[in-house]
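Q:
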Amino acid sequence: NAGVTQTPKFQVLKTGQSMTLQCAQDMNHEYMSWYRQDPGMGLRLIHYSVGAGITDQGEVPNGYNVSRSTTEDFPLRLLSAAPSQTSVYFCASSVRAQGEAFFGQGTRLTVV
Amino acid sequence: QQQVKQSPQSLIVQKGGISIINCAYENTAFDYFPWYQQFPGKGPALLIAIRPDVSEKKEGRFTISFNKSAKQFSLHIMDSQPGDSATYFCAATQTARQLTFGSGTQLTVLP
Chain C
1276 NAGVTQTPKF QVLKTGQSMT LQCAQDMNHE YMSWYRQDPG MGLRLIHYSV GAGITDQGEV
1336 PNGYNVSRST TEDFPLRLLS AAPSQTSVYF CASSVRAQGE AFFGQGTRLT VV
Chain X
52 QQQVKQSPQS LIVQKGGISI INCAYENTAF DYFPWYQQFP GKGPALLIAI RPDVSEKKEG
112 RFTISFNKSA KQFSLHIMDS QPGDSATYFC AATQTARQLT FGSGTQLTVL P
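Protein sequences, first through last, are from chains C and X. Oh and the first sequence: position 44 is 1319 in the numbering used here, straight run, nothing missing. Oh and the second sequence: position 31 is 82 in the numbering used here, straight run, nothing missing.
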């Protein structure tokens, strides 16, 4: 079973470039989320979705956009990359908000 | 503002010892408290979770202790093994809300 799949695993961007981090899940979960993980900061919620067509902001949404056109996919877009967005990004999905969250393996992004 | 405070940041324990990680929260509306385990290069995975209607939950060598009045909860790993070496995150949430994570504890169990 694939679970939650994130691509790419590694990415280097130049300041000002844009890119999309892909996330797909095959468990038919309604809830999907994007987190960033920074040393000493834990996992911070960027954006989340409670179903296709519904998205909302988390704790640190600035500089990121999301959309949810299907149940399976939840891409995260960086509009104009900044060095402060250097981080490890995790996508997660769950049956409900308080259900077990299944995480992807992460995307390590470096902005130079 | 960190809603879930986790300590210590790092922990070194001898094989067979007890590992204890503590978390404290402020939001009394939180009603679900999971712990996640993360190995290097992997995403976090659910380890064990508790709701505030019980004071303790045990699954194998892992136990959550919950103190509602103090707004604290902790993870105890009994008979710690080198394979338990990982980063542990406590988290909290309230109904229909997303998870709020602590800052993480890097556990090293020495052989």
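C-beta atoms are modelled at their ideal positions from N, C-alpha and C, and glycine is treated no differently.
Within 10 angstroms of its Cβ, does residue 92/X collect 16 or more other Cβ (buried), or is it exposed?
A: By the neighbour-count rule (16 or more Cβ atoms within 10 Å), residue 92/X is not buried but exposed.
Q: Skipping 5 residues on each side, what residues in its chain have a beta carbon closer than 6 Å to that of residue 78/X?
A: Same-chain partners within the cutoff: 54.
Q: Counting only Cβ-Cβ distances shorter than 7 Å, please list the residues of the region 1360–1384 of chain C near chain X, keeping chain order.
A: Those would be 1365, 1372, 1373, 1375, 1376, 1378, 1379, 1380, 1381, in chain order.
Q: Measuring only the C-alpha atoms, how far is residue 1350/C from residue 146/X?
A: One C-alpha to the other measures close to 25 Å.
Q: State yes or no: is the C-beta of residue 112/X within less than 7 Å of the C-beta of residue 128/X?
A: Yes. Within cutoff.
Q: Is it buried or exposed for residue 1285/C, if we count other Cβ within 10 angstroms and need 16 for buried?
A: The residue is exposed, with fewer than 16 neighbouring Cβ atoms inside 10 Å.
Q: Can you give the Cα-Cα distance for residue 138/X and residue 1363/C, rounded to whole angstroms?
A: Computed Cα separation, rounded: 15 Å.
Q: How many Å lie between residue 1319/C and residue 149/X at the Cα?
A: Roughly 11 Å separates the two Cα atoms.
Q: Ends of the beta strand (DSSP E) at residue 1268/C?
A: No answer is possible for residue 1268/C: the residues shown for chain C start at 1276 and end at 1387.
Q: Mind listing the chain X neighbours of residue 1296/C? Cutoff is C-beta to C-beta under 9 Å, in chain order.
A: Correct list: empty, because the minimum Cβ distance to chain X is about 14 Å.
Q: Looking at C-beta atoms only, is the number of pairs between the region 1339–1356 of chain C and the region 1306–1324 of chain C that lie closer than 8 Å three or more?
A: Result yes; three or more Cβ-Cβ pairs closer than 8 Å.
Q: Check whether the region 61–71 of chain X touches the region 121–135 of chain X, counting contact only when three or more Cβ pairs, one atom from each stretch, lie closer than 8 Å.
A: Because the criterion of three Cβ pairs below 8 Å is met, the region 61–71 of chain X and the region 121–135 of chain X touch.
Q: Assuming residue 127/X is part of the beta strand (DSSP E), what are its boundary residues?
A: Per DSSP, residue 127/X belongs to the beta strand (DSSP E) from 123–128.
Q: Tell me which residue opens and which closes the beta strand (DSSP E) that residue 142/X is part of.
A: First-last of the beta strand (DSSP E) with residue 142/X: 137–143.
Q: At a CB distance below 7 Å, what residues from the region 1313–1330 of chain C approach chain X? Give them in sequence order.
A: So the close ones are 1315, 1316, 1317, 1318, 1320, 1323.
Q: Across the region 103–121 of chain X and the region 1354–1362 of chain C, are there enough close Cβ pairs to call them in contact, namely three or more that are closer than 8 Å?
A: With the cut-off at 8 Å, the region 103–121 of chain X and the region 1354–1362 of chain C do not touch.
Q: Check the Cβ of residue 1308/C against every Cβ in chain X and list those closer than 7 Å, keeping chain order.
A: Under the 7 Å cutoff, chain X gives 149.
Q: Could you tell me the alpha carbon to alpha carbon distance between residue 75/X and residue 1282/C, rounded to whole angstroms?
A: Rounded to the nearest angstrom, the two C-alpha atoms are 34 Å apart.
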